[in-house]
Amino acid sequence: MTKRQKLREIQKIIDKYIKVLQQLPSGGTIDPAMARRLGIPKDLKPLVEDAYKSGRLKGRTKARISKEILEQFFEELTPKGKDFTSIHAMEVEQDMALVLEKAKSRITRASIENLKRDFKVLETVFGEQTLPKRKMSSILREITKDVRQDWDMVVRAETVNTQQHAIAHEILEGTSPYSNLGPDTRVFKRPNPDACDHCKKHYLEKDGRTPKVFKLSELIENGTNYGKKVGAWQPVLGIMHPHCECQVSVLPEGTEFDEHGQIKIVKDRR
Numbered sequence: 001m002t003k004r005q006k007l008r009e010i011q012k013i014i015d016k017y018i019k020v021l022q023q024l025p026s027g028g029t030i031d032p033a034m035a036r037r038l039g040i041p042k043d044l045k046p047l048v049e050d051a052y053k054s055g056r057l058k059g060r061t062k063a064r065i066s067k068e069i070l071e072q073f074f075e076e077l078t079p080k081g082k083d084f085t086s087i088h089a090m091e092v093e094q095d096m097a098l099v100l101e102k103a104k105s106r107i108t109r110a111s112i113e114n115l116k117r118d119f120k121v122l123e124t125v126f127g128e129q130t131l132p133k134r135k136m137s138s139i140l141r142e143i144t145k146d147v148r149q150d151w152d153m154v155v156r157a158e159t160v161n162t163q164q165h166a167i168a169h170e171i172l173e174g175t176s177p178y179s180n181l182g183p184d185t186r187v188f189k190r191p192n193p194d195a196c197d198h199c200k201k202h203y204l205e206k207d208g209r210t211p212k213v214f215k216l217s218e219l220i221e222n223g224t225n226y227g228k229k230v231g232a233w234q235p236v237l238g239i240m241h242p243h244c245e246c247q248v249s250v251l252p253e254g255t256e257f258d259e260h261g262q263i264k265i266v267k268d269r270r
């Protein structure tokens with residue numbers, strides 16, 4: 001087998017791993033041998049559908065959700081919910097495809113460049129003597145550490161997005177214990193202390209601690225910030241940007257924020 005043929009074999013292995021990642025949004029059955037090698041079940045749960053169901057539950061109850069309850073709810077997805085998750089899964093798959101294609105290109109190029117720079121490595125990898133497994137794992141981790149962060153970010157971002165939209169669906173359908181006002185429900189987001197300046201600017205008042213209050217309909221109408229320049233970003237129902245961790249919360253009727261940014265009950269002024 002020539003060196004070119006062996007490189008192609010390596011690319012086939014990369015393709016197998018990428019195929020597994022491509023199935024994360026919608027789920028499905030993967031090669032059993034690959035599943036054993038990765039230490040994961042051969043039947044992957046649909047990432048987007050699970051996130052949607054989790055968000056629906058969070059929007060439906062104030063109680064802590066046990067794993068058993070979550071599993072039972074997973075059997076009760078409505079046709080409307082299936083349509084939502086199917087469409088959202090397609091969006092996630094498109095985002096994942098871009099990241100994975102970039103990852104494949106970067107891994108292949110980095111591998112070739114490393115081999116070109118160091119002929120000794122070339123002989124070790126493609127020669128008769130097999131490179132020790134731990135050493136190969138170390139090299140692959142080094143090459144892929146950046147691209148792994150890329151697809152981790154996509155998965156995390158889309159999971160948060162789906163959960164927040166599912167919470168909003170519960171409110172709009174009138175099945176949430178947090179509000180019966182539908183699109184007029186008052187909501188807010190409280191950024192973490194270490195959040196970026198963009199999230200603090202859009203979700204906090206000028207004092208830097210009191211959350212801004214929006215109608216749910218406002219955040220929904222603003223759509224997403226995907227593809228927009230930073231100067232055009234707006235407060236949205238989902239994530240402000242790929243690294244955003246701000247969660248939407250309902251401001252109960254009869255309450256407001258005090259001077260410390262904490263929720264207080266409004267006394268009857270009559």
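Using my numbering, read the sequence shown as starting at 1 and increasing by one per residue. All residues carry an ideal CB built from backbone N, CA and C; glycine is no exception. The model shown is predicted, which means the values in this text are computed figures rather than measured ones.
- Please state whether DSSP places S249 in a helix, a strand or coil. strand
- Task: Pick out whichever of G27, K215, H198, T175 has its Cα sitting closest to the Cα of C246.
- Result: H198
- When E173, V160, G238, P252 are compared against Y203, the one with the closest alpha-carbon: G238
- Message: For V266, count the other beta carbons within 10 Å of its own beta carbon; 16 or more makes it buried, fewer makes it exposed. Which is it?
- Response: exposed
- Taking 8 Å as the cut-off, decide whether the C-beta atoms of S217 and D184 are in contact. yes
- Query: How many Å lie between R156 and D207 at the Cα?
  - Reply: 30 Å
- Task: Classify T255 as helix, strand or coil using the three-state DSSP reduction.
- Result: strand
- Message: Assuming the contact rule is C-beta atoms closer than 8 Å, T210 and G261 should be a hit. Round their C-beta distance to whole Å, please.
- Response: 4 Å
- Task: With a cut-off of 8 Å on the beta carbons, I'd call L251 and V236 a contact; round off their distance for me.
- Result: 17 Å between Cβ atoms; not a contact.
- Query: DSSP on R186, reduced to helix/strand/coil?
  - Reply: strand
- Query: Who are I265's beta bridge partners in DSSP?
  - Reply: T255
- Task: Label E158 either buried or exposed according to how many other C-beta atoms from any shown protein chain fall within 10 Å of its C-beta, with 16 as the threshold for buried.
- Result: buried
- Task: Give me the Cα-Cα distance between V187 and K201, rounded to the nearest whole angstrom.
- Result: 16 Å
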